[in-house]
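Inspection log for the structure reproduced underneath, given as structure tokens.
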Amino acid sequence: MDRLSALMERFEMQIEPVEPAAANLLVLGDPDGVPCHVLLRGASRGRCGDRVVFAARVTWGGEANPLMEALPEAVELPLQDSPELIGLIAFLQSEIEGRHCGGPTVQRRLGEVLMVRLLRHQISAGSTEPGVLAGLADPRLSRAVVAIHDRPGHGWTNADLAQEAGLSLSRFAELFGATVGMTPMAYLRHWRLTVAHQDLMRGDRVEAVARRYGYGSGEAFARAFKSRFGVKPVAVRTQQAA
1 MDRLSALMER FEMQIEPVEP AAANLLVLGD PDGVPCHVLL RGASRGRCGD RVVFAARVTW
61 GGEANPLMEA LPEAVELPLQ DSPELIGLIA FLQSEIEGRH CGGPTVQRRL GEVLMVRLLR
121 HQISAGSTEP GVLAGLADPR LSRAVVAIHD RPGHGWTNAD LAQEAGLSLS RFAELFGATV
181 GMTPMAYLRH WRLTVAHQDL MRGDRVEAVA RRYGYGSGEA FARAFKSRFG VKPVAVRTQQ
241 AA
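When we follow the UniProt record's numbering, the leftmost residue of the sequence shown carries the number 1, and every step to the right adds one.
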């Protein structure tokens, strides 16, 4: 089961090499420049060293992306815990230092790989805070969360999602609420409106989007959309078309 593909497809990840002061993704090195720590959204002081090997600005859907929203304020990965990344970072260093043709493009692509590996590590580590990260980290609930991400227009019921997770209905509802921080149907509605907003930004018609994500009428969709985003769906589409 792939826990990241739907999010990768829905939200474009952009990684731009920048000066360290503007970065939210850092690879730090020891005094000899040997990479020792990867840090996302945190201060470098007090880590293995303050020498910056790679610095980039990561954007991945902002608050619309439930995974980025659920990440802790700082995500840290000591490379001693993930030695397979050392080769990737060595390749990244050679691109930075070699100033090859197309170097910035290669740096961005390698930065994307580094970011995905960091997210995998964070999902494996789990989260003590309720949210989608904790849901994806749970081996049972993750099957239901991924099903919602992959097929948001499906007419999911609590019973369907409990079956995906391999749990009884009562146990599923209890565990999902405690882990993700909302009921399964609330998360389904949240995700549907998130992807509906993206589709409207892309220029899709309001009625088509409403049908795509299981709303019985355009009016019901418009009410739910305005409650979440503060504007009517037609306003988003009109603004994008202007």
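Ideal Cβ placement from N, Cα and C applies to all residues, glycine included.
* To do: Going by CA-CA distance only, name the one from Val58, Gly203, Val195 that's closest to Ala23.
  => The residue with the shortest Cα to Cα distance from Ala23 is Val58.
* **Selection from Glu19, Phe54, Leu119 that minimises the alpha carbon distance to Phe91** => The alpha carbon of Phe91 has as its nearest neighbour, out of Glu19, Phe54, Leu119, the alpha carbon of Phe54.
* Compare the beta carbon distance of Gly166 and Arg140 with 8 Å and say whether it is the shorter of the two. => Cβ distance < 8 Å, so Gly166 and Arg140 count as in contact.
* To do: Would you kindly work out how many angstroms separate the C-alpha atoms of Thr183 and Gln198, rounded to a whole number?
  => Each residue's CA atom was taken as its position, placing Thr183 and Gln198 some 23 Å apart.
* Asked: Which of the three DSSP states, helix, strand or coil, is assigned to Gly29?
  -> If DSSP states are grouped into helix, strand and coil, Gly29 belongs with the strands.
* Distance, Val38 Cα to Gly46 Cα -> Because the pLDDT at Gly46 is just 49, under 50, the model does not fix this residue reliably, and the value given afterwards should be weighed accordingly. Our two residues, Gly46 and Val38, have alpha carbons roughly 13 Å apart in a direct line.
* **Contact the stretch 75 to 83 vs the stretch 25 to 39: 3+ CB pairs below 8 Å** => Yes: at least three Cβ pairs fall under 8 Å.
* Asked: Around the C-beta of Asp2, are 16 or more other C-beta atoms found within 10 angstroms, so that it is buried, or is it exposed?
  -> Burial call: exposed.
* Asked: In whole angstroms, what separates the C-alpha of Pro72 from that of Leu133?
  -> When rounded, the distance between both Cα atoms is 10 Å.
* On the three-state DSSP scale, how would you describe Thr183? -> Thr183 falls in the coil class under three-state DSSP.
* Going by DSSP, what residues sit across from His37 in a beta bridge? -> His37 is bridged to Leu28, Pro78.
* Report yes if the CB atom of Gly111 is closer than 8 Å to the CB atom of Leu25, and no otherwise. => Yes. Within cutoff.
* Asked: Which residues bound the alpha helix (DSSP H) around Pro17?
  -> Boundaries for Pro17: no alpha helix (DSSP H) harbours it, while the beta strand (DSSP E) harbouring it runs 14 to 17, taken from the DSSP string.
* Name the residue from Arg211, Leu200, Val116, Leu88 whose alpha carbon lies nearest to the alpha carbon of Lys232. => Closest in C-alpha terms to Lys232, from the list Arg211, Leu200, Val116, Leu88, comes Leu200.
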